[in-house]
Structure formats: C-alpha cells, structure tokens
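*Asks:* What follows is a structure written as structure tokens; I'll ask about it next.
2 protein chains.
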Amino acid sequence: MQIIRTVLKSSDGDWRAARRANARAAVLDAAWGLVRENGLAALSLRELAKRAGITTPTVYAYFESKNAILDAMFADAAQSFVELMSSMPSSDDPLADMVAAARRFSDFCVSDVPRYQLLFQHSVPGFTPSPESYGIALSALALARDLLARNGVHDPRHLDIWTAITTGLVGQQISNDPGGDRWTGLIEDVTRMFLAQYGDATQHKGES
Amino acid sequence: MQIIRTVLKSSDGDWRAARRANARAAVLDAAWGLVRENGLAALSLRELAKRAGITTPTVYAYFESKNAILDAMFADAAQSFVELMSSMPSSDDPLADMVAAARRFSDFCVSDVPRYQLLFQHSVPGFTPSPESYGIALSALALARDLLARNGVHDPRHLDIWTAITTGLVGQQISNDPGGDRWTGLIEDVTRMFLAQYGDATQHKGES
DNA sequence: GTCTATAGCTGGATAGAC
DNA sequence: GTCTATCCAGCTATAGAC
Numbered sequence: 001m002q003i004i005r006t007v008l009k010s011s012d013g014d015w016r017a018a019r020r021a022n023a024r025a026a027v028l029d030a031a032w033g034l035v036r037e038n039g040l041a042a043l044s045l046r047e048l049a050k051r052a053g054i055t056t057p058t059v060y061a062y063f064e065s066k067n068a069i070l071d072a073m074f075a076d077a078a079q080s081f082v083e084l085m086s087s088m089p090s091s092d093d094p095l096a097d098m099v100a101a102a103r104r105f106s107d108f109c110v111s112d113v114p115r116y117q118l119l120f121q122h123s124v125p126g127f128t129p130s131p132e133s134y135g136i137a138l139s140a141l142a143l144a145r146d147l148l149a150r151n152g153v154h155d156p157r158h159l160d161i162w163t164a165i166t167t168g169l170v171g172q173q174i175s176n177d178p179g180g181d182r183w184t185g186l187i188e189d190v191t192r193m194f195l196a197q198y199g200d201a202t203q204h205k206g207e208s
Numbered sequence: 001m002q003i004i005r006t007v008l009k010s011s012d013g014d015w016r017a018a019r020r021a022n023a024r025a026a027v028l029d030a031a032w033g034l035v036r037e038n039g040l041a042a043l044s045l046r047e048l049a050k051r052a053g054i055t056t057p058t059v060y061a062y063f064e065s066k067n068a069i070l071d072a073m074f075a076d077a078a079q080s081f082v083e084l085m086s087s088m089p090s091s092d093d094p095l096a097d098m099v100a101a102a103r104r105f106s107d108f109c110v111s112d113v114p115r116y117q118l119l120f121q122h123s124v125p126g127f128t129p130s131p132e133s134y135g136i137a138l139s140a141l142a143l144a145r146d147l148l149a150r151n152g153v154h155d156p157r158h159l160d161i162w163t164a165i166t167t168g169l170v171g172q173q174i175s176n177d178p179g180g181d182r183w184t185g186l187i188e189d190v191t192r193m194f195l196a197q198y199g200d201a202t203q204h205k206g207e208s
C-alpha cells in the first residue's frame, strides 16, 4: 500500500494533509481486503465503509465516486508493480535474469488475483483508469522492454511475444489451476524456448 | 446456436418439445445478442426478456434461473468450439497445421469476446458450469491434445505450454489491442518458436 | 468530517389471474 | 404459458443536521 503524499507549504497544512492521506489509505486498505476476499465485482461502498469503520457517506469525503476508488487502487497496483520490477538485479546470465523476472511477475499476479485483473485485464465494467494512473502502468511496460534489451531482445514484436507468453502462463494458472503451479512451474522451460529463438546468444532460425 | 433436442415417445410430444426447444433457443439467441453488445456483466433478465419479446416471468418458463441461462450459454459455446476445432484438416506439414489451428482458435475468441470470457476465463461471479456443460469443454481440450500428438508433441507439459501461448496471444489481443491484430499477427512466429523447441522435427536442446 | 435518513434505480425471483 | 403486479434485496449517491 502506497501512501499518496501531498506537498503543502505550511507545516499546519502538511499535518492536516498527512491525516487526510492516512484516512484515504485506510479506506484503500479496506478496499483491497474486500476485493481480495470476495473478488473485484464485490466492491461495494456499503461493505467498504463497514470494513473501514465509517459510514457510506463518509467515503465520499475522501473519494468523489466509486470509480475514483478504483482509480486509486489501479494507481496503487501499478506503483507496487513498478517498484517490484525496477529492483530486478542484472547479471551476465540472460536466462537467469529473465527467469527471475518472469517469476517475480507471476508471483505478483497469482498472489493477488483481483489486483492482477484490475491492472492487466481491465475487467471492471464501466471503469477506465485516468491518464495519470495509466501512465504509471505504462512505465512498467518500459521496464520489461529494458529487461529484454539487456538480454539481447530488441524487436518490439518479440517484446509482444514475451508479454503474451508470461501473461498466458499466469492466465492459465489463475483460470485452470488456482493455488497450484501447473503453469507457473513451466516458466524456466518457456524462457529457454523464448531465448533459444529470439535471444542474441543463439542463431535466429526459421524467421520469415 | 445449437438447438437442444429432447427425444420423446409420441409424435405429439415431439412436436411440443420442438416448439419448446425453439422458444428456448430464441431466448438464448437474445441472450447472446445482449452480451455481445454490452458485455457478460450486462446480462439481466429484464433486458433479456425485452429483447426476446416476452416478459421476465416468462423467462422462468424456460430456464429455472439466471445461472441456468448461463449454463446453457456455456454449453452452447463449448459445442460451437468443439465443432469448429474437430473439423481441422490434417496435412503432413506440422507447422501449417498448428498455425491453422491457432488461427481458428484466436478467430473464435476475438470474434466473440464475451463467449471467450464465459468459456475460458470463468469470469462470471457466482457461476460455475454444470458437470455436463463442462464435459463438453473438456472434450475440446482433448482435441488440442490430439492435434499436438499428430504433430509430434506428446508431453502433457508441452500441451500446457501450447495452451498458455495461444491463450496469452488472445488475451493480450483482447485486453490491449481490441479490434486489431498486434498479437494475433504473431501466431506464425510463436508456432515456429514452439515447434523449434518441442516439435519432433528438430533436436530438443537445453531441456533440463 | 461524520452522521442519519433516504432518494432513485436495477437486479433476481415469485404470486396469482387468465 | 403468458401476463400484471409486486416483493425484497442490493447498489451509488445525496440532503441536511450536527
């Protein structure tokens, strides 16, 4: 959970802003707990308020609408994802680096399915993230691009293939073996396959 | 749209059953039209009845609940999928056969996203297909297994990799480039990659 | 900022006349 | 089988007192 900080001029205003940010964060925490337990579709302001220990109208003191809550959650998820992926160590072994990155990605997704659905599947009817929130998500894709570039994959089409493979494994894992590792256990194999075809340590064969 | 047939003894009963099946099919058609236009979550019995030219209680003359409608839709989708994939021609070119199969699969998915979500993503809160309906879907997976076996891929783990790759392309296509071909256009490339690693026409390299 | 109270809407499902 | 009428529950959001 990231706490959104607002810079103000007076120390008095700073103090009030901090309290307000804390209250907002508490509501967001309750929202995450709710969707983790009952799914994204179960996010209702009544139940959210009950969990946060306030009443429904008070929620509107911190968020102007339900979509504003979803947008804050989206930004929160994107921020967590960027921080996780930007701290990837870089070695001289492309295979090990990419396997490690793919494992982090799949752990991030399967450990919090509603967060994954909100961030990557755009699966909430009527909700579209604001440009600001979506911008955070876009910077995460840039991280993946850099990772592949460090490991000898430069073609944007190959980046698309890499995202399809990793999200494909995660999607199958979540849809068809929740809680297991039938697909996430294949990460090393598919990374090997990918780098054998598109990594610069091998000949490119059979490309049209 | 498949019409569910019920075998009865008397020709009079047969006639009545046919009329009933027609009426059921008409409601199902209206349901498909509704979800295709407004998404799976927008399936409501009020709007469904309006489209079918009947009233809400009449819907209950044909389906005992909303979930029963979803189950019939699931079975319908699975049946369509099995029929589409079971008519795949088989040549002596594994690459061409698998590319053709993957194209059929992705066309099936992107041409009707709600059907894809219902059949493959289990994304309707509170709905689980009945064992009978799910059995139809399972027979579709058997078709994919046979296709890969004909093309020299026998390891069940490799079948899982294949389903992850194909659903990954479809998922990215739907989520991030709806209506386009940014990911579906990569089908031939990824099939080549997959067969280079796991097809029997090449050496298996780098497997643990 | 926080509450009580409620408006206004949509949903699934049912009762009972015909 | 099909209708009118209705029940009951859930939802987002707002009004207005404090």
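Chains as they are written, first to last, in full-length UniProt numbering: chain A, 1 to 208; chain B, 1 to 208. We treat Cβ as the ideally placed atom computed from N, Cα and C, and that holds for glycine.
Are there 16 or more other CB atoms within 10 angstroms of the CB of Ala61 (chain A), so buried, or fewer, so exposed?
*Replies:* Classification of Ala61 (chain A): exposed, given that the 10 Å Cβ count is below 16.
*Asks:* Spatial neighbours of Pro114 (chain B) within its chain, please: CB distance less than 7 Å, with the 5 preceding and 5 following residues excluded, ordered by chain position.
*Replies:* Counting only Cβ-Cβ distances below 7 Å, and skipping sequence neighbours, we find Val35, Arg36, Gly39 and Leu40.
*Asks:* Using a threshold of 7 Å, state whether the C-beta atoms of Val27 (chain A) and Ser106 (chain A) are closer than that.
*Replies:* No, the pair does not count as a contact, with Cβ atoms beyond the cut-off.
*Asks:* Please work out which residues of its chain come closer than 7 Å, Cβ to Cβ, to Ala30 (chain A), disregarding the five sequence neighbours upstream and downstream, and give them in chain order.
*Replies:* Excluding positions up to five away in sequence, the list reads Leu48, Arg51 and Ala52.
*Asks:* Hey, out of A:Val82, A:Pro89, A:Gly179 and A:Phe74, whose CA is closest to Thr128 (chain A)'s CA?
*Replies:* Minimum Cα distance to Thr128 (chain A) is reached at A:Phe74.
*Asks:* Going by beta-carbon coordinates alone, are Leu95 (chain B) and Leu186 (chain B) separated by less than 7 Å?
*Replies:* No, they are not a contact pair.
*Asks:* Where residue 212 (chain A) and Ala144 (chain A) are concerned, what is the direct C-alpha to C-alpha distance, given to the nearest angstrom?
*Replies:* Residue 212 (chain A) is absent from the structure shown; chain A starts at 1 and stops at 208.
*Asks:* If you reduce the DSSP assignment to three classes, tell me which class Ala195 (chain B) lands in.
*Replies:* Rather than Ala, the amino acid found at residue 195 (chain B) in this sequence is Leu. Three-state DSSP puts Leu195 (chain B) in a helix.
*Asks:* Whole angstroms is fine: what's the gap from Trp183 (chain A)'s alpha carbon to Ser175 (chain A)'s?
*Replies:* The alpha-carbon atoms of Trp183 (chain A) and Ser175 (chain A) are separated by roughly 11 Å.
*Asks:* Figure out for me which residue from A:Trp15, A:Ala137, A:Ala102 and A:Ile136 has the closest Cα to the Cα of Leu147 (chain A).
*Replies:* Comparing Cα-Cα distances from Leu147 (chain A) to each of A:Trp15, A:Ala137, A:Ala102 and A:Ile136, the minimum goes to A:Ala102.
*Asks:* Within the continuous alpha helix (DSSP H) that includes Val113 (chain A), where are the two ends?
*Replies:* Here the alpha helix (DSSP H) through Val113 (chain A) covers Val113 to Tyr116.
*Asks:* Flag residue 216 (chain A) as yes if its beta-carbon sits less than 7 Å from any beta-carbon of chain B, otherwise no.
*Replies:* Given a span of 1 to 208 for chain A in the structure shown, any question on residue 216 (chain A) remains unanswerable.
*Asks:* Once DSSP output is grouped into helix, strand and coil, what is the label at Thr184 (chain B)?
*Replies:* Correct three-state label for Thr184 (chain B): helix.
*Asks:* Tell me which residues of the segment 151-168 of chain A have at least one Cβ-Cβ distance to chain B shorter than 8 Å, keeping chain order.
*Replies:* Taking 8 Å as the Cβ-Cβ cut-off against chain B, the residues of the segment 151-168 of chain A that qualify are Arg157, Asp160, Ile161, Thr163, Ala164, Ile165, Thr166, Thr167 and Gly168.
*Asks:* Taking only beta-carbon positions, decide if Ala96 (chain A) is within less than 7 Å of chain B.
*Replies:* Judged by the 7 Å Cβ criterion, Ala96 (chain A) is not in contact with chain B.
*Asks:* Using only alpha-carbon positions, find the residue among B:Gln173, B:Asp160 and B:Thr56 that is nearest to Tyr116 (chain B).
*Replies:* Minimum Cα distance to Tyr116 (chain B) is reached at B:Gln173.
*Asks:* Please list, in chain order, the chain B residues whose beta carbon lies closer than 9 Å to that of Ser175 (chain A).
*Replies:* Those within 9 Å of Ser175 (chain A) in chain B are Phe120, Gln121, His122, Ser123 and Thr167.
*Asks:* For Leu70 (chain B), tell me which candidate among B:Met85, B:Met193 and B:Ala42 has the shortest Cα-Cα distance.
*Replies:* It is B:Ala42.
*Asks:* Report, in whole angstroms, the separation of the C-beta atoms of Ala100 (chain B) and Ala140 (chain B), which I expect to be a contact under 8 Å.
*Replies:* At roughly 16 Å, the Cβ-Cβ gap does not stay under 8 Å, so Ala100 (chain B) and Ala140 (chain B) are not in contact.
*Asks:* Measure from the alpha carbon of Glu132 (chain A) to the alpha carbon of each residue in A:Ser123, A:Ala68 and A:Leu84, then state which is nearest.
*Replies:* When only C-alpha atoms are compared, the closest one is A:Ala68.
*Asks:* What does a CB cutoff of less than 7 Å around Leu45 (chain B) pick up in its chain, not counting 5 residues either side in sequence?
*Replies:* If we look at Leu45 (chain B) and ignore the five residues flanking it on each side, its Cβ neighbours are Thr56, Val59 and Lys66.
*Asks:* Compute the distance between the beta-carbons of Tyr198 (chain A) and His158 (chain A), then report whether it is under 7 Å.
*Replies:* Yes, the pair counts as a contact, with Cβ atoms nearer than the cut-off.
*Asks:* Under a CB-based cut-off of 7 Å, is Leu8 (chain B) close to chain A?
*Replies:* A caution first: Leu8 (chain B) carries a pLDDT of 46, below 50, which makes its placement in the model unreliable, though a value can still be read off. Answer no: the Cβ-Cβ gap between Leu8 (chain B) and chain A never drops below 7 Å.
*Asks:* Going by the CB atoms, is the gap between Thr191 (chain B) and Met98 (chain B) shorter than 7 Å?
*Replies:* Result yes, Cβ atoms of Met98 (chain B) and Thr191 (chain B) sit closer than 7 Å.
*Asks:* With H, G and I counted as helix, E and B as strand and the rest as coil, what does DSSP make of Asp92 (chain B)?
*Replies:* Coil.
*Asks:* Leaving out the 5 sequence neighbours to the left and right, which residues in its chain are closer than 7 Å to Phe120 (chain A) when beta-carbon positions are compared?
*Replies:* Result list for Phe120 (chain A): Thr167, in chain order.
*Asks:* List, in order along the chain, the chain A residues whose C-beta lies closer than 7 Å to that of Trp32 (chain B)?
*Replies:* What Trp32 (chain B) touches in chain A: nothing, since even the nearest Cβ is about 18 Å away.
*Asks:* Since Val170 (chain B) is in the alpha helix (DSSP H), which residue starts that stretch and which ends it?
*Replies:* Pro156 to Asn176 is the span of the alpha helix (DSSP H), which, as asked, contains Val170 (chain B).
*Asks:* For Ala41 (chain B), go through chain A and note every residue whose CB falls closer than 7 Å to its CB, in chain order.
*Replies:* Correct list: Pro125.
*Asks:* Using 10 angstroms around the beta-carbon of Ser86 (chain A), count the other beta-carbons present and answer buried if the total reaches 16, otherwise exposed.
*Replies:* So Ser86 (chain A) ends up on the exposed side.
*Asks:* Indicate the three-state DSSP secondary structure (helix, strand or coil) for Gly206 (chain A) in the structure shown.
*Replies:* Confidence at Gly206 (chain A) is low in this model, with a pLDDT of 44, below 50, so the placement of that residue should be treated as unreliable; the coordinate-derived value is given next. In this structure, Gly206 (chain A) counts as coil in the three-state DSSP scheme.
*Asks:* For the alpha helix (DSSP H) that Ile136 (chain B) lies in, which residues bound it at each end?
*Replies:* Start and end: Pro131 to Arg150.
*Asks:* Would you check if the distance between the CB atom of Phe108 (chain A) and the CB atom of Leu138 (chain A) is smaller than 7 Å?
*Replies:* No, Cβ-Cβ distance for Phe108 (chain A) and Leu138 (chain A) is not below 7 Å.
*Asks:* Are the C-beta of Met193 (chain A) and some C-beta of chain B separated by less than 7 Å?
*Replies:* Judged by the 7 Å Cβ criterion, Met193 (chain A) is in contact with chain B.
*Asks:* Give me, in chain order, the residues of the same chain whose beta-carbon lies closer than 6 Å to that of Met88 (chain A); leave out the 5 immediate sequence neighbours on both sides.
*Replies:* The residues are Ala101.
*Asks:* Below 8 Å on C-beta distance, what does Trp183 (chain B) contact in chain A?
*Replies:* Asp160 and Ala164, listed in chain order.
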